[in-house]
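Report on the structure given below.
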Amino acid sequence: MDKAQQDALKKAAGIEAAKLVTDGMIAGLGTGSTVRFLVDELGRRVKEEGLQFTGVTTSRRTQEQAESYGIKIVDIDDVDHIDVTIDGADEVDKNFNGIKGGGAALLWEKIVATNSNQIVWIVDESKVVDTIGKFPLPVEVIPFGAGHVIKKFEAKGYKPVLRLDAEGKPVRTDENNYVVDLHLERIDHPQDLAEDLITTVGVVEHGLFLNMVDKVIVGDPNGPRVMTNGNK
Ligand code: 5RP
């Protein structure tokens, strides 16, 4: 699939998911190129249809885009609930285990997701996999002592790589932390790995989102299709 085809599928999934946002809702807005299409569509509905909703964003980037459309964005601590959060994902398997954080927003994404009544992911069909792990697993790490965390990951065979920007400097998250990508190729025991990562001192959060999502809207050449998680 070339990029133009992939973008068309992402856009179709984003437009479909925008229908889930209705007047008066508090909606969590994710991060990434698929979510950009979602926010474009929500912006169009605000302008053309008078849609009124309040957003909680998972990154400053999404906040800027949403506000450019006049969408009202509030701090997560200023709302007592989030009706639905719509976000992208890097991979998802048939057990609804996924990897997120390709856009370095995994920490805020997990906080927003955890406080949402419903979680929906929008992906193109290439993200639906048999076994997660081909996509390098992002881990958000405190900069102080990050070298030691990386050495521990190396000793465990996790093949860690500190994520760098175009200038060769460490990428910083919205919380000013580093991202270390684990090149695992496949993750057969995601729960065990999640436990190991989150109990490593210096790790803030990891990009394993295990059985958290309620619904995945998949951009498919035949039209968006929905995978519903019956085990939540
Ligand atoms: C950002 C994320 C994104 O949702 C994920 O990387 C998917 O991005 P895209 O829609 O650009 O493929 O987790 O941290």
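Counting with full-length UniProt numbering, you get residues 1 to 232 for the letters of the sequence shown.
Here a beta-carbon is modelled for each residue, glycine too, at the ideal position from N, C-alpha and C.
ALA104 versus VAL216, THR31 and VAL149, residue with shortest Cα-Cα distance: THR31
Kindly identify the DSSP beta-bridge partner or partners of PRO138. ASP181
Going by beta carbon distance, what residues of the same chain come within less than 6 Å of GLY28, once the five residues before and after it are set aside? Result list for GLY28: VAL56, ILE82, THR85, VAL112 and SER116, in chain order.
Considering Cα atoms alone, identify which of LEU42, LYS100, ASP124 and GLU64 is closest to ALA13. ASP124
Enclosing beta strand (DSSP E) for GLN52 [first to last residue]: Element bounds for GLN52: n/a, residue is neither H nor E.
GLU167 in three-state terms, based on DSSP: Coil at GLU167, not helix or strand.
For the stretch 134-145 against the stretch 201-210, do three or more pairs of beta-carbon atoms, one drawn from each stretch, fall closer than 8 Å, so that the two count as touching? yes
Per DSSP, cross-strand counterpart(s) of ALA27: GLY55 and VAL84
C-beta contact flag for ALA17 and LEU42 at 7 Å: no
Could you tell me how far apart the beta carbons of SER59 and TRP108 are, in whole angstroms, since I believe they sit closer than 8 Å? 6 Å
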